[in-house]
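Following the working numbering, the numbering of the sequence shown begins with -13 at its first residue and continues without gaps.
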Amino acid sequence: QLQKVVNKMKEDQVRFAEDRNKRQQNLDSLNNASTEEEYATDESVSDESSNPPENQEESEEEQDGEKKKKKKQTPEEKLKEKQKQEALKKQKEKQRQEEKLKAKQQKEQAKFMEKEQELLDASYEDSTKMVEDLQLMEDSLTRFSEELKAFEDSTELMRKNLKPVKNLAYEIRKEWVKMSYKLQDITQPLGKEASEDFDAIVTDFLNMKYDEVVNAVNNVDVLERLKTLKNNIFFSKRIPNINCHGGIGVFLQGLPEEEIKTIAGGDVGVFLKSGCVGYTMGLGEDCNLVILKLPDEQIIAVLRKKTLKQEYDYTLRKMVIKEGLHAFDAIKVIK
């Protein structure tokens, strides 16, 4: 594309130079014609001024003879003489008008030549600028070509150096695919079992009261069952029913701060504002088990107790416990 621009600029410069030369030739022709005309006028004036005194004397004698003849002329001769004088007068008037028109044309031609000379001077400046711009473009094209050649050389070298890397990357991808399939062979059955156990646990805890749920969770076998569910449920195709953007803190209300710190693994404030995704399931009549995956891939399970919720009643203008509205307090974290 840059080469096309340079070629176009060269063509424009040639056409511009040809047009300028033609205009210069026309101006030179007008100058030469004007000079020749002035020279002819000067010659004519010189010839008239160089008439010898004898001719002037002869002219005076002729005028005296004419006067004498006029005295002897007949009326017919006088009429002819008068017509001759009128014709001569008209010829002189015509000559005067032609000279006036010629002077006007010369004046207009002088203005035209002056304006044309100004345009030619500006044209020479434009031509110089075009030459500078063209040189700049050619320099840019040369530099660009050198950079392109260097880039092509470096690219070719990079291809040679990348070849073994590409081969290694291919082998890594191939092994990763193998490992991925192996991992799927392991995790898919685990996810299927976890999804089935999810429903089974809900059924097993269906009619338990709060104290019964707590005692059951403290049983080693039940605790291991819940841990297995927590670890494998995200391998299943079950769609999460929790997508919390407000932070995990809402699920940890009621836990001692020290217990939260043990699972935070860093800044507690940031941890509590972390988003989460997961599942919630009912354990008995008064408890829920919430399984959460955090942005750092950490998975925790929180056992929460249903509690009556206090709300401000604007009618009574005081806090009241409204029946049927429940909040949750976290009572145990299963890691």
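Positions of the beta carbon are idealized from the N, C-alpha and C atoms, including for glycine.
Completely contained alpha helix (DSSP H) runs for the region 170 to 250, where each covers 4 or more residues: 196 to 204, 206 to 218 and 243 to 250
Counted within 10 angstroms of its Cβ, other Cβ atoms place R129 as buried (16 or more) or exposed: Mapped onto the sequence shown, residue 129 falls at position 143. With fewer than 16 Cβ atoms within 10 Å of its Cβ, R129 is classed as exposed.
Out of T60, L209 and E283, state which residue places its alpha-carbon closest to the alpha-carbon of F221. Residue 221 sits at position 235 when you count from the first residue of the sequence shown. Minimum Cα distance to F221 is reached at E283.
Excluding the five sequence neighbours on either side, which residues of its own chain have a C-beta within less than 7 Å of the C-beta of V263, listed in chain order? Residue 263 sits at position 277 when you count from the first residue of the sequence shown. Excluding sequence neighbours, V263 sits near P226, I228, N229 and K279.
Three Cβ pairs or more, each shorter than 8 Å: is that satisfied between the region 251 to 268 and the region 233 to 243? yes
Assuming D315 and V306 make a contact with CB atoms under 8 Å, what is their CB distance in whole Å? For the purposes of this step, residue 315 is identified with residue 329 of the sequence shown, where counting begins at 1. For the purposes of this step, residue 306 is identified with residue 320 of the sequence shown, where counting begins at 1. Not confirmed; about 19 Å, so no contact.
Got a sec: does the ligand SAH put a non-hydrogen atom nearer than 8 Å to the Cβ of E79? Of the ligands one can find in the structure shown there are none, so the ligand SAH has no counterpart to examine.
Is the beta carbon of L212 closer than 9 Å to that of L275? Sequence index remark: in the sequence shown, residue 275 carries index 289 (1-based). Sequence index remark: in the sequence shown, residue 212 carries index 226 (1-based). The answer is yes: Cβ separation under 9 Å.
Compare the C-alpha of H231 against each of E132, S260 and I249 and name the closest. Working through the sequence shown from its first residue, we reach residue 231 at position 245. Comparing Cα positions, the closest option is S260.
For N(-7), which of helix, strand or coil comes out of DSSP? In the sequence shown, the residue the question calls residue -7 occupies position 7. Helix, per DSSP.
Integer Cβ distance of I246 from V254, believed to fall under 8 Å: As a first step, residue 246 is located in the sequence shown; it is residue number 260 there, counting from the start. As a first step, residue 254 is located in the sequence shown; it is residue number 268 there, counting from the start. At roughly 6 Å, the Cβ-Cβ gap stays under 8 Å, so I246 and V254 are in contact.
Go through its chain and collect everything with a Cβ distance to I249's Cβ below 7 Å, but skip five positions before and after it. On the sequence shown, position 263 is the one that residue 249 refers to. The residues are I286, V319 and K321.
Count the other CB atoms, across all protein chains shown, that sit within 10 Å of the CB of G251; report buried if there are 16 or more and exposed otherwise. Numbered from 1 along the sequence shown, position 265 holds the residue referred to as residue 251. When all chains shown are included, G251 counts as exposed.
Between which residues of its own chain and D119 is the CB-CB distance below 8 Å, once the five residues before and five after are set aside? Here residue 119 refers to the residue found at position 133 of the sequence shown. M(-5).
I need the straight-line Cα distance from Q121 to E104, nearest angstrom please. On the sequence shown, position 135 is the one that residue 121 refers to. On the sequence shown, position 118 is the one that residue 104 refers to. Their backbone Cα atoms lie some 26 Å apart in a straight line.
Should the region 183 to 192 be regarded as contacting the region 201 to 215, the criterion being three or more beta carbon pairs within less than 8 Å? yes
If you draw a straight line from the C-alpha of K291 to the C-alpha of G177, how long is it? As a working note, residue 291 is residue 305 in the sequence shown. As a working note, residue 177 is residue 191 in the sequence shown. Roughly 27 Å between the two C-alpha positions.
How long is the line joining the alpha carbons of N18 and R6, rounded to whole angstroms? Counted from its first residue, the sequence shown places residue 18 at position 32. Counted from its first residue, the sequence shown places residue 6 at position 20. Each residue's alpha carbon lies about 18 Å from the other.
I'd like the list of long-range same chain contacts for T173, defined as Cβ closer than 7 Å, with 5 residues on each side in sequence excluded. Stepping through the sequence shown from its first residue, residue 173 is reached at position 187. Hits under 7 Å: F221.
Sheet register partners of E118 (DSSP bridge): What you label residue 118 is simply residue 132 of the sequence shown in a count that begins at 1. Per DSSP, none; premise fails for E118.
Note down, in chain order, each residue of its chain lying with its Cβ closer than 6 Å to the Cβ of E67, except the 5 sequence neighbours on either side. Translated into the one-based positions of the sequence shown, residue 67 becomes position 81. Nothing meets the Cβ criterion.
If you count every other CB in all the chains shown that lies within 10 Å of the CB of V180, and 16 or more means buried, which is it? What you label residue 180 is simply residue 194 of the sequence shown in a count that begins at 1. A quick correction: the sequence has Ala, not Val, at residue 180. Buried, because 16 or more other Cβ atoms sit within 10 Å of the Cβ of A180.
Pick helix, strand or coil for R303, following the three-state DSSP scheme. Numbered from 1 along the sequence shown, position 317 holds the residue referred to as residue 303. Here R303 sits in coil by DSSP.
Per DSSP, which residues does F137 bridge with? Please list them. In the sequence shown, the residue the question calls residue 137 occupies position 151. Partner(s): none; F137 has no beta bridge.
Grab me the residues of M165's own chain with a C-beta within less than 6 Å of its C-beta, minus the 5 sequence neighbours each way, in chain order. The residue labelled residue 165 in the question sits at position 179 within the sequence shown. Hits under 6 Å: none found.
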